[in-house]
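Each remark here refers to the structure printed beneath this line.
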Amino acid sequence: MITVFGATGTTGAPLVDTLLAKGATVRAVTSGPAKVGALKAKGCEAVAADFTDPAALAQACDGADKIYLVTPAHLDMRHWKANVIEAAKAAGVRHVVLATGLGASPKAGLTFGKWHSETQELLKQSGLDWTFVQPTYFMQNLLWQAVNIAKDAVYYDDLGGPVAWIDARDIADVAAEALTGAGHAGKGYGLTGPEALTGEDVATVLSEVTGRAITCAPLSPDDAKAAMVAGGMQDEVAAAMVELASIAPKGYLAGIETTVSDVLGRPARRFRDFVAEHRDAFVE
Ligand SMILES: NC(=O)c1ccc[n+]([C@@H]2O[C@H](COP(=O)([O-])OP(=O)(O)OC[C@H]3O[C@@H](n4cnc5c(N)ncnc54)[C@H](OP(=O)(O)O)[C@@H]3O)[C@@H](O)[C@H]2O)c1
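Here the sequence shown stands for residues 401 to 684, where the numbers follow the working numbering.
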């Protein structure tokens with residue numbers, strides 16, 4: 401059995417679907433009891449467990465051989481993941497596939513890299529088998545702006561440089577392979593899409609797909625942070641997001657990793673296809 405934490409989330413939801421399509425036995429975990437029914441309707445077990453509730457985490461891990469561990473970007477995420485790793489170890493879980501971020505390592509200079517590295521090291525020390533999925537910027541983040549793009553025909557670029565956006569479904573597919581295939585223990589999988597796009601490139605793709613003239617407007621770090629905080633993000637997490645974006649103009653988020661195709665034997669999903677699939681979200 402594979403327990404999937406964050407099963408209603410951006411990577412967890414497609415992961416549950418992929419695992420079920422592969423015929424795996426899955427237990428999906430949500431913090432919201434009201435979401436259990438919809439998860440069960442997918443054809444898996446489902447339980448409610450909060451990352452702060454050790455007893456519920458123990459039940460979520462009970463009988464599981466492997467787990468997928470992801471939390472939202474949150475100030476408490478290291479503590480939450482430590483709780484799950486402890487519960488997994490106590491329950492006899494063998495292998496944890498941990499979602500972190502590209503560049504996470506003990507040498508990381510950026511806040512997110514340091515936070516994720518702390519959990520990676522904790523998992524390594526736990527004695528459990530581990531695989532790290534370390535993605536770059538999600539294509540799904542573009543949907544945060546969908547209403548504004550549809551209304552104002554403007555893409556607000558808070559990155560300011562080329563970024564190798566990845567479709568979260570590719571992260572899920574690599575995680576599914578790591579959870580069901582052999583030879584993935586002890587691997588750190590840096591994950592990107594197949595091409596790096598600037599803000600102007602993003603606006604061009606949006607324009608071509610929607611048939612509307614969508615312009616790119618730079619968004620200052622202060623305005624970007626304010627928008628994230630207004631959207632409910634914690635101040636320190638928004639600051640870490642802005643810090644991450646600050647390396648984009650130097651080209652540091654533009655590197656292309658071949659891991660998706662190496663692991664899956666097919667190319668990574670393209671940004672243009674993602675926009676085309678979500679075209680309706682970007683038009684009024
Ligand atoms: N977005 C990016 O561009 C990007 C890039 C690189 C790395 N990352 C990393 O990826 C991770 C986020 O991945 P994601 O987008 O798949 O996650 P997500 O969708 O933000 O969150 C996963 C799920 O966690 C559940 N959750 C929230 N609070 C909980 C709690 N207290 N107890 C139990 N479950 C709880 C939520 O589901 P319920 O409401 O159903 O409980 C949510 O659906 C972060 O670590 C982030 O740093 C993100």
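No residue lacks a Cβ here, since even glycine has one placed at the ideal position from N, Cα and C.
For this session: May I ask which residues mark the beginning and end of the alpha helix (DSSP H) holding Leu502?
Result: Element bounds for Leu502: n/a, residue is neither H nor E.
Exercise. Looking only at C-alpha atoms, which of Gly586, Thr615, Pro594 and Glu445 sits nearest to Asn548?
Worked result: Thr615
For this session: Compare the C-beta of Thr418 against all C-beta atoms of chain C and say whether one is closer than 9 Å.
Result: Here there is only one protein chain, and chain C is not present.
Exercise. Is the region 497 to 509 in contact with the region 555 to 562, if contact means three or more CB pairs nearer than 8 Å?
Worked result: no
Problem set entry | Closest by C-alpha distance to Leu597, when choosing among Lys551, Thr471 and Tyr652 | Tyr652
Exercise. Within 8 Å: the Cβ of Ser431 and any heavy atom of ligand 1?
Worked result: yes
For this session: Answer with buried or exposed for Lys524, where buried requires no fewer than 16 other C-beta atoms within 10 angstroms of its C-beta.
Result: exposed
Exercise. Do the region 436 to 451 and the region 589 to 605 make contact, defined as three or more Cβ pairs closer than 8 Å?
Worked result: no
For this session: On a CA-only basis, which of Leu619, Ser661, Asp465 and Glu521 is nearest Arg478? Give me that one, please.
Result: Glu521
Exercise. When the distance is taken between beta carbons, is Ala487 closer than 9 Å to Ala458?
Worked result: yes
Problem set entry | Own chain, CB closer than 6 Å to His516, minus 5 neighbours either side, in chain order | Thr500, Gly501 and Ala504
Exercise. Where does Val683 fall in DSSP's three states?
Worked result: coil
Problem set entry | Three-state secondary structure assigned by DSSP to Arg569 | helix
Problem set entry | Which listed residue (Ala572, Ala585 and Ser620) has its alpha carbon closest to that of Thr592 | Ala572
Problem set entry | Beta-ladder partner(s) of Glu445, from DSSP | Arg427
For this session: Kindly indicate the opening and closing residues of the alpha helix (DSSP H) around Asp635.
Result: Asp635 to Ala645
Exercise. Touch check for the region 551 to 560 and the region 660 to 674: three-plus C-beta pairs under 8 Å?
Worked result: no
Exercise. Should Gln459 be counted as a contact of ligand 1 given a C-beta to heavy atom distance under 8 Å?
Worked result: no
Exercise. Within the present structure, is the beta-carbon of Thr500 separated from the nearest heavy atom of ligand 1 by less than 8 Å?
Worked result: yes
Exercise. Would you say Ala473 touches ligand 1, meaning its beta carbon is less than 8 Å from a heavy atom?
Worked result: yes
Exercise. Starting from Pro341 and walking both ways along the beta strand (DSSP E), at which residues does that stretch end?
Worked result: Absent from the structure is residue 341, since the part of the chain shown begins at 401 and ends at 684.
For this session: Give, in chain order, every unbroken run of the beta strand (DSSP E) that is at least 3 residues long and sits entirely within the region 509 to 541.
Result: 529 to 535
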